Structures are given as structure tokens and as C-alpha cells.
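Below you'll find the structure, written out as C-alpha cells, and then a few comments.
Numbering (UniProt numbering), first residue to last: 1 to 352.
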């Protein structure tokens, strides 16, 4: 059996302390032909990405490795049944997606699933859900994989990918994390804008829930933001070719920064963006992220992955907010000839 090494972060995420799974939901423009979908998933995903056709095993010396195994598509592709003849299935689909957060993946088979809901909702004719264990990769690798798979049109692999029309959004002209936004002469990166909006939104929420302004200002609120530590930041040139290795970045490669959420009331909401920019800039130029990664690696080496997992778990458990976002693909996502009208993701298994 072919065996592959597991990354240090992969070992940590595979411990009993963590059960992190990523749920990616795509709303499609027409119902899915299930047999054809199974075939495409196997040919494009399973046959070319070793992690999707392997299980985690522990050797006698305690080393955890990926080991190739046979993949039965019926164990990984699910098609639920809902009551027939309803006008809209929004409620059923929402409940199904919510229930996915408590669904456990069996370690006896590759740690991924696809769920196809061929029922009409407000946003699409069908819904596709991918539930995958975080050990297989992080957000950047999954987005790159989706982009690469979409670059192979199912009806004719020789055809070029379909790009999103320029009129759709000017943001897609460049990578999202290097896109600048202007607000009355204030230029900030999109990640800083996201963090500023989160800070402002949380401050507004506390203002609605707590009546005493002094109590709000005395709250100690921290936010953890995950950052991609790969050198390559764009998925634009990632390709998947039949019967060849993929160029998709695999595994987990991320660090995290802890930021103090400003709870003092600021007159101008844009000041929250400025605060976010100031704090993230200070954190990014420090060696904290690299040192944290090295410390976790050494703890894993000398104490085992469970010890590192407890460190990460306690850090998350003592953090008020966790914020993560990834750069979306530049092209129109297509699965088996189905255009993806909308997509979003969530992560389950975080400490509560």
C-alpha cells in the first residue's frame, strides 16, 4: 500500500481533542445527475488527490501516515429524501445543512462526503454540500481544488474555462487580499475591512445586549484570525490534468494572530477599520506567527500531537471570536455542467 507523510498540523487536527470539519455549500442552477456526479468526483477528485483516497493509520512506532485504500463512492455520496411536491424546500435544506455540523466522519474510510439535495430553494435548483475533515487541507487548498476542478468542463475537457464577466465585479481583476478599497481617502486591504466590520458589528451587538456603556468598554474581547502562510496566494494558474498529479496546494499551512477587539465607542465606524489595520500590521511584522508554528512543531515532536492539540484548543477556548476568510476563485465555478450560483462555507468542531 502506498503511504504518505502527514503534516504537523494534520497530526494535531487528527487528535481526539479536535474534530474540525469544513462544510462547503454550493447552490446550483439545475438538478444533479447523481451517477454522473459520482463518476466526476472519482475521476477528478479521488483519483488525482491521494488524501481523498487514503485513511489515517498509526504505525507501530507511533508515526501517523496516510495509507491508500479502496474508495466505495456509495459510502461518500448521499442523496436525502424530502417530502414531495413542495413549492420551496428552504427550511428542509437549512435544517439539513445545520445537522451537518454534528455529523461525524468515520475514520475507517477517507474523511470526506458529498451530499446532493435535488430540491428547489430560493437561491437554486439544487444544493451540493461537501463535508470534509480539516486534516485533508485548509481553506486555501479547498478553494484551489474547486477552482482546478471547475477548469475542466465536463462536456468537453478541451474547452477553456468560463471566466466571470468583467461587469460582474471589479474586485475579480486582482487577488482579493491585494485589492484596495477607498473610503474618503482611507485605503485599506480587504482583510482589514473585514476585520473592521467584524469589530464594529460585535460592538453594536454588545450595545444592544448591554445597557451600561462603561461595562461594554471594560469588556476584554479577543479575536483570533487565521492567515494563510503559503508563499503562493493565488489559485489562478492551478490546473488539474487527467492522469497526472495536481498542482493544488495540499494539506494545512496556516498561522493565527490574536487581536484585541476595540470596545470603546468610536464616532466614525471607519475608525474600526483603521484600528484593525494598525493592529494587523503590527502583528504581521512580528515573528509571533512563525514562532507559534515552530513551538507547536517542537511540542508535537517531543510531547506528541495531543499536547499541541491541547495548546491550540485552550487558545481557541479562551478567544471570543474566530475569524477566517479565503480568496475565492476568479472563474465561474462549474460542477458537471452546473453553474454554481452561490457558495459559502462553515467550520464545525470549534470549542464552545
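C-beta: ideal position from N, C-alpha, C; glycine also.
Keep in mind the model is a prediction, meaning the values are calculated, not measured.
Residue i beta carbon near the ligand HEM (any heavy atom closer than 7 Å)
i, result
"residue 70", "Among the components modelled here there is no ligand, and therefore nothing to report on the ligand HEM."
Per DSSP, the bridge partner or partners of residue i
i, result
"residue 54", "68"
"residue 353", "The displayed coordinates of the chain run from 1 to 352. Any statement about residue 353 would go beyond what the structure contains."
"residue 127", "27 and 117"
"residue 228", "254"
"residue 105", "None, per the DSSP bridge assignment."
"residue 268", "The partner list for residue 268 (beta bridge, DSSP) is empty, contrary to what the question assumes."
"residue 3", "67"
"residue 22", "132 and 347"
"residue 339", "334"
"residue 137", "251"
"residue 77", "114"
Where residue i falls, given that 16 or more other Cβ within 10 Å makes a residue buried
i, result
"residue 263", "buried"
"residue 51", "buried"
"residue 99", "exposed"
"residue 195", "buried"
"residue 157", "Its pLDDT being 46, under 50, residue 157 is placed unreliably in this model, and the value from its coordinates should be taken loosely. So residue 157 counts as exposed."
"residue 113", "buried"
"residue 205", "exposed"
"residue 291", "exposed"
"residue 124", "buried"
"residue 280", "buried"
"residue 147", "buried"
"residue 218", "exposed"
"residue 191", "buried"
"residue 199", "buried"
"residue 87", "exposed"
"residue 83", "exposed"
"residue 48", "buried"
"residue 210", "exposed"
"residue 346", "exposed"
"residue 9", "buried"
"residue 252", "buried"
"residue 334", "buried"
"residue 243", "Because the pLDDT of residue 243 is 36, which lies under 50, any placement of that residue in the model is unreliable, and the question is left without a value."
Neighbourhood of residue i by C-beta, 6 Å cutoff - its chain only, sequence neighbours within 5 removed
i, result
"residue 105", "111 and 133"
"residue 19", "349"
"residue 296", "308"
"residue 283", "257"
"residue 236", "Note on residue 236: pLDDT 47, under 50, position unreliable in the model; the coordinate value appears next. Excluding sequence neighbours, residue 236 sits near 330."
"residue 15", "305, 306 and 309"
"residue 127", "27, 93 and 117"
"residue 130", "24 and 114"
"residue 344", "25"
"residue 77", "38 and 114"
"residue 216", "206, 210 and 263"
Inter-residue CB distance, residue i and residue j (contact presumed, cutoff 8 Å)
i, j, result
"residue 66", "residue 6", "6 Å"
"residue 254", "residue 227", "6 Å"
"residue 339", "residue 28", "7 Å"
"residue 108", "residue 55", "7 Å"
"residue 120", "residue 89", "6 Å"
"residue 135", "residue 45", "Not quite, the Cβ-Cβ distance comes to about 16 Å (not below 8 Å), so this is no contact."
"residue 294", "residue 213", "At roughly 42 Å, the Cβ-Cβ gap does not stay under 8 Å, so residue 294 and residue 213 are not in contact."
Cβ-based neighbour list, residue i, same chain, cut-off 8 Å, excluding 5 preceding and 5 following
i, result
"residue 80", "96, 115 and 117"
"residue 419", "For residue 419 there is no data in the structure shown, the boundaries of the chain being 1 and 352."
"residue 72", "109"
"residue 168", "Low local confidence applies: a pLDDT of 34 at residue 168 is under 50, so the model's placement there is unreliable, with the coordinate-based value given in what follows. None."
"residue 342", "26, 27, 123 and 124"
"residue 69", "1, 53, 54, 55, 109 and 110"
Any chain B beta carbon closer than 8 Å to residue i
i, result
"residue 222", "Absent from the structure is chain B; it holds one protein chain and no more."
Neighbourhood of residue i by C-beta distance below 7 Å, restricted to the same chain and skipping five residues each side
i, result
"residue 11", "64, 300 and 305"
"residue 17", "306, 309, 310 and 313"
"residue 4", "50, 54, 65 and 66"
"residue 351", "313, 316 and 317"
Counting Cβ pairs, one atom from each stretch, are 3 or more of them under 8 Å apart for the region 324–333 and the region 135–146? As far as the Cβ criterion goes, the region 324–333 touches the region 135–146, which means the pair count is three or higher.
Could you check whether the region 261–278 touches the region 31–40, counting it as contact only if at least three pairs of C-beta atoms, one from each stretch, sit closer than 8 Å? Cβ pair count under 8 Å is below three, so no.
Between the region 312–323 and the region 214–229, do at least 3 Cβ pairs fall closer than 8 Å? Cβ pair count under 8 Å is three or more, so yes.
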